[in-house]
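In UniProt numbering, the protein residues as written are 1 to 405. Ideal placement from N, C-alpha and C gives every residue a C-beta, glycine not left out. What follows is a single structure, written as structure tokens, with notes after it.
Printed below as a string of structure tokens:
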């Protein structure tokens, strides 16, 4: 740690200010005593000394007051967890210099602490003066899970040191990108990231922000795949699942070790949506609730009706294809491919016919919806229809039942 420049003790400084202010009077008395009378020259000298003493006292008082104001502003920045702004170092007095050092040490400790706890959560607690205790509140959230395809197979042959280097670079980039798009990182689970929106900070557009963040994260991970391959590292192909619904969000654990997280069935649904990508060859799957909450700024493609194990009602699943249009030139790459958008009417017709059990008409529409050699989702439905060339068997249902969680 850099040692702050130390000035004189505060008491010595105050005595010095008083002494400087008294110097003119002492000088005048000395002149008068030496001349035997108080003449005009003595008065002029006394007046000059008074001005100089007052100026010196004012200068020192201004410096002292300025540093105290600076320290007050620094305390306010620390309270807001604004820990990256450089502090003005060095004090007018030894006490202020020591306080500078103590505050810099406190900022260092808080920087370390904020690596483990979301800063928005700490800001909320300090702003509200709330007591940190176990429990939470019911709130509507958007939750996202990301996962790396085949990570176990990738990790097994790698040296632990190299694996740590690769995953650290990956998580750093993904985390920074999600945080830049209003996310709160809930936890890391192996190679997976769980993020949420609308907690702890309120976010009425949580579904929209979640979908936009997923598109940015997809673009980022695709770039990382190329960068990692160029460095001789494995490609970490990432898939995403998003769901919006009510959960209990708050502190879980014990009184001396808590974790801020979201709990509820909707969290499990978000995780399952991520896992469903492997069934359809997609990269971002969202629920009907997230699609509706996200608004018209995005292009979605209906995927399936899915009944998860233990669930009562089927879940409408959609693929998040891209943005409808780019509000910012930087987001041009996130816009849905025009060819996919042009085939959406045919795709929608194929899905409607399939769910109605009209397999012949579904096949006709599917031929206009895309090339199964280039579109894994089209290939998945072509395979389904090929199983039943004569139409749906008795008892058939358009709902896909998942046997595992």
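Quick one: using the 10 Å Cβ neighbour count with 16 as the cut-off for buried, is residue i buried or exposed?
{"i": "residue 353", "result": "buried"}
{"i": "residue 343", "result": "buried"}
{"i": "residue 241", "result": "buried"}
{"i": "residue 29", "result": "For residue 29, the pLDDT reaches just 45, beneath the cut-off of 50, and the residue's location in the model is therefore unreliable, although a value from the coordinates is still provided. Exposed, since its Cβ has fewer than 16 Cβ neighbours within 10 Å."}
{"i": "residue 164", "result": "exposed"}
{"i": "residue 186", "result": "buried"}
{"i": "residue 272", "result": "buried"}
{"i": "residue 375", "result": "buried"}
{"i": "residue 263", "result": "exposed"}
{"i": "residue 204", "result": "exposed"}
{"i": "residue 325", "result": "exposed"}
{"i": "residue 189", "result": "exposed"}
{"i": "residue 233", "result": "buried"}
{"i": "residue 259", "result": "exposed"}
{"i": "residue 283", "result": "buried"}
{"i": "residue 221", "result": "buried"}
{"i": "residue 350", "result": "buried"}
{"i": "residue 396", "result": "exposed"}
{"i": "residue 339", "result": "exposed"}
{"i": "residue 134", "result": "exposed"}
{"i": "residue 261", "result": "buried"}
{"i": "residue 202", "result": "exposed"}
{"i": "residue 391", "result": "exposed"}
{"i": "residue 239", "result": "buried"}
{"i": "residue 291", "result": "buried"}
{"i": "residue 362", "result": "buried"}
{"i": "residue 270", "result": "buried"}
Consult DSSP for residue i and reduce its assignment to one of helix, strand or coil.
{"i": "residue 246", "result": "strand"}
{"i": "residue 264", "result": "coil"}
{"i": "residue 373", "result": "coil"}
{"i": "residue 137", "result": "strand"}
{"i": "residue 324", "result": "coil"}
{"i": "residue 160", "result": "helix"}
{"i": "residue 388", "result": "coil"}
{"i": "residue 233", "result": "coil"}
{"i": "residue 293", "result": "helix"}
{"i": "residue 275", "result": "helix"}
{"i": "residue 396", "result": "coil"}
{"i": "residue 357", "result": "coil"}
{"i": "residue 202", "result": "coil"}
{"i": "residue 177", "result": "helix"}
{"i": "residue 210", "result": "helix"}
{"i": "residue 182", "result": "coil"}
{"i": "residue 312", "result": "coil"}
{"i": "residue 343", "result": "coil"}
{"i": "residue 348", "result": "helix"}
{"i": "residue 165", "result": "helix"}
{"i": "residue 172", "result": "helix"}
Can you tell me the Cβ-Cβ gap for residue i and residue j, rounded? I've got them flagged as a contact below 8 Å.
{"i": "residue 251", "j": "residue 136", "result": "7 Å"}
{"i": "residue 215", "j": "residue 322", "result": "6 Å"}
{"i": "residue 139", "j": "residue 249", "result": "5 Å"}
{"i": "residue 235", "j": "residue 228", "result": "6 Å"}
{"i": "residue 211", "j": "residue 320", "result": "6 Å"}
{"i": "residue 304", "j": "residue 400", "result": "5 Å"}
{"i": "residue 243", "j": "residue 148", "result": "Actually they are not in contact, since the Cβ atoms of residue 243 and residue 148 sit about 20 Å apart, beyond 8 Å."}
{"i": "residue 274", "j": "residue 146", "result": "7 Å"}
{"i": "residue 369", "j": "residue 378", "result": "6 Å"}
{"i": "residue 207", "j": "residue 184", "result": "That belief does not hold up - the Cβ atoms of residue 207 and residue 184 are roughly 15 Å apart, past 8 Å."}
{"i": "residue 144", "j": "residue 195", "result": "5 Å"}
{"i": "residue 318", "j": "residue 302", "result": "6 Å"}
{"i": "residue 267", "j": "residue 247", "result": "6 Å"}
{"i": "residue 402", "j": "residue 306", "result": "6 Å"}
Give me whichever residues DSSP pairs with residue i in a beta bridge.
{"i": "residue 187", "result": "194"}
{"i": "residue 318", "result": "286, 302"}
{"i": "residue 258", "result": "253"}
{"i": "residue 144", "result": "195, 242"}
{"i": "residue 401", "result": "307"}
{"i": "residue 335", "result": "323"}
Closer than 7 Å: is that where the CB of residue i sits relative to any heavy atom of the ligand GDP?
{"i": "residue 340", "result": "Summarising the ligand content, the structure contains no ligands, and the ligand GDP is consequently not present."}
Three or more beta-carbon pairs under 8 Å between the stretch 333-351 and the stretch 307-315, yes or no? no
Is it the case that the stretch 151-159 contacts the stretch 283-290, given that we only count it when at least three CB pairs across the two stretches are under 8 Å? With the cut-off at 8 Å, the stretch 283-290 and the stretch 151-159 do not touch.
May I ask you to verify whether the stretch 385-392 touches the stretch 351-370, counting CB pairs closer than 8 Å and requiring at least 3? yes
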